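Residue numbers (the working numbering): 58 to 611. Idealized CB from N, CA, C, for every residue including glycine. This structure is a prediction, so every number in the text was calculated from the model and none was measured.
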């Protein structure tokens, strides 16, 4: 009997050579996933894949989970602290727990063939035999049909080969009426990781548990950049993870300081920016100038929103922009100085700052527009303002985009002010093309009509004022109809003016302007009787300007 027992023990040790655990089942754990309210969402099984507390389970177990914990083979509980990767197609999620020195299963180096005898390691149970009944390809992996039962206790558990290494993960067979399970090639877990695009990954978003950072530092920064800050707890935890992992990179402190600033935690923000400046070393991806510039922009925005803030003021924002420029004479920092000065109504100094930018390679439509705006507030020469606006528009690329439209509109207004109406109309036309007619209001078409009227582009003016009518409601609608009557008058189309005016007074029987226009139109048509009648009606309604016309047509 002792001889037989020794032979059996020897056989097991041959089948399962020692790799640091007493048995494969020691690496298997039970996992519980919880909803936001703390109630259980799902539970199932998985196993450790290294000795650092990292494990793998079905994706569907953690989908929608806000928290999860595992219970290992010895009954100890551990929290799932970070998600390391997820794939709904593979139905796999990899995560890290707060466990240390965990028993684990190494990956097999070779894949089993059809008919191979493997061992299925269940949670707190002896291994059971499992035979592969079919091998197929699934993406770049192998997918196995098994003779093991298609039951919950098997899903997520490892399939072990004779070298005591895991070859596959047991998964549910969703074939209708299936009684036997399937298994996925263990190499599939190697693709479970978080990249810089992980912040946008829908599978990762489905799991509400905190995600780990990408392993690469630059990828981690890109991940943070793409990550939404809407969930403050998740976002600040990610920032803290970066600082803990890369304590010598100032950008981590800048990012967290920026987050604190958005939450109006200004003292915490300043503390982080101060720390960032002390981390200004070769290891940092952001240097002193960038740190000062970022702080300047934050202070500038806060000062605009809350001018009574005693600490984050426009002068302080200006000071930070100046420090940025001292550290690195980048025209971008001069531009920021100009913005701070302009917002503080120091238009002359802002104008000087913008003009300095305009002498550099950094000159842009924005910098010329800013200079023009500052000069206009200084009550500067409108001609000089127009020259700056010309420089602004000349740097725009055609066809113009919506972001260009404001520059065109402002220049059109200045051209109108200087009596250059046809040029103004050209800018308004470009503005319309850039914005798209569907996004414009009746007010725009009235403004353009006024410029067209001033340069005797009557056909275009009529078209615009009529289109404005279709976009407007009372009382503006009637104002635009009155404008149309006056247009017909100055265009010399007196009968058309009469027709439009007669229709209008039916709806506006007490409008003096309508009667005045009708009186003038009839007068020019030599119908003195009606002319005097309508002009007198206008006079009765309070329009004293008609006296000269009454004398003219008597």
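(request) For the beta strand (DSSP E) containing residue 141, list its first residue and its last residue. (result) 134-144
(request) Note the first and the last residue of the continuous alpha helix (DSSP H) segment covering residue 124. (result) No alpha helix (DSSP H) contains residue 124, which is instead part of the beta strand (DSSP E) from 124-128.
(message) Between which residues of its own chain and residue 305 is the CB-CB distance below 8 Å, once the five residues before and five after are set aside?
(response) 336, 338, 340 and 341
(request) Look at the alpha carbon of residue 604 and the alpha carbon of residue 360, and state the distance between them as a whole number of angstroms. (result) 57 Å
(request) Out of 307, 242, 265 and 303, point me to the one whose CA is closest to residue 290's CA. (result) 265
(message) For residue 151, report the span of its beta strand (DSSP E) as first-last.
(response) 149-154
(message) Between which two residues does the beta strand (DSSP E) holding residue 618 run?
(response) Outside the modelled stretch of the chain, which goes from 58 to 611, sits residue 618, for which no answer is possible.
(request) Check each candidate in 172, 100, 395 and 346 and name the one with the smallest Cα separation from residue 180. (result) 100
(request) Compare the beta carbon distance of residue 518 and residue 485 with 8 Å and say whether it is the shorter of the two. (result) no
(message) If you follow the beta strand (DSSP E) that residue 111 is in, where does it begin and where does it stop?
(response) 111-114
(request) Just confirm the distance between the C-beta atoms of residue 478 and residue 511, as a whole number of angstroms; I'd bet it's less than 8 Å. (result) 4 Å between Cβ atoms; contact.
(message) By DSSP's criteria, residue 100 is part of a beta bridge. Which residues make up the other side?
(response) 89
(request) Check the C-beta distance from residue 609 over to residue 580 and give it rounded, since I have them as a contact under 8 Å. (result) The pair is a contact, with the Cβ atoms about 7 Å apart (cut-off 8 Å).
(request) Going by CA-CA distance only, name the one from 355, 547 and 300 that's closest to residue 324. (result) Cα-wise, what sits closest to residue 324 is 355.
(request) Can you check the stretch 465-518 for any alpha helix (DSSP H) of at least 4 residues that lies completely inside it and give the ranges in chain order? (result) 478-492 and 499-511
(message) For a minimum of 3 consecutive residues, which ranges assigned as the beta strand (DSSP E) are wholly contained in the stretch 164-202?
(response) 174-177 and 185-195
(request) Using three-state DSSP, classify residue 224 as helix, strand or coil. (result) strand
(message) Looking at residue 378: is its Cβ nearer than 8 Å to the Cβ of residue 350?
(response) yes
(request) Using DSSP bridges, identify the partner residues of residue 361. (result) None; residue 361 has no bridge partner.
(request) With a threshold of 7 Å, establish whether the CB of residue 291 neighbours any heavy atom of the ligand FMN. (result) Annotation note on the ligand FMN: not contained in the displayed structure, which lists no ligands.
(message) Would the stretch 299-314 count as touching the stretch 160-171 if we require 3 or more Cβ pairs under 8 Å?
(response) no
(request) Thinking residue 155 and residue 110 are a contact (beta carbons under 8 Å), I'd like their distance in whole angstroms, please. (result) Contact holds; Cβ gap of about 7 Å.
(request) Quick one: grab the DSSP three-state call for residue 204. (result) strand
(message) Let me make sure I understand the geometry here. Which of 245, 88, 322 and 268 has the alpha-carbon closest to that of residue 294?
(response) 268
(message) Is residue 381 close to chain B? Criterion is C-beta to C-beta, closer than 8 Å.
(response) Structure shown: chain B not included; a single protein chain is present.
(request) To the nearest angstrom, report how far apart residue 148 and residue 247 are at their CA atoms. (result) Here the C-alpha atom of residue 148 lies approximately 14 Å from the C-alpha atom of residue 247.
(message) I need the boundaries of the alpha helix (DSSP H) containing residue 278, first residue and last residue.
(response) 274-283
(request) Note the first and the last residue of the continuous alpha helix (DSSP H) segment covering residue 577. (result) 569-581
(message) Just verifying my parser: in three-state terms, what is the DSSP assignment at residue 162?
(response) coil
(message) Distance check for residue 195 and residue 103, CA to CA, integer angstroms please.
(response) Between residue 103 and residue 195, the alpha-carbon positions lie close to 21 Å from each other.
(message) Within a Cβ cutoff of 8 Å, which residues of the same chain sit near residue 502, ignoring the five residues on either side of it in sequence?
(response) These residues qualify, in order along the chain: 521, 522, 524, 525 and 528.
(request) Kindly identify the DSSP beta-bridge partner or partners of residue 453. (result) Looking at the DSSP output, residue 453 shares a beta bridge with no other residue.
(request) Identify whether residue 251 lies in helix, strand or coil by the three-state DSSP scheme. (result) coil
(message) Would residue 213 and residue 115 be called neighbours here (beta carbons separated by less than 8 Å)?
(response) yes
(request) Use the C-beta contact count for residue 464: other C-beta atoms within 10 angstroms, 16 or more gives buried, fewer gives exposed. (result) Per the 10 Å Cβ criterion, buried.
(request) Tell me the start and end of each unbroken alpha helix (DSSP H) in the stretch 305-358 that is at least 4 residues and wholly inside, in chain order. (result) Fully contained in the stretch 305-358 are the following alpha helix (DSSP H) runs of length 4 or more, in chain order: 307-319 and 323-335.
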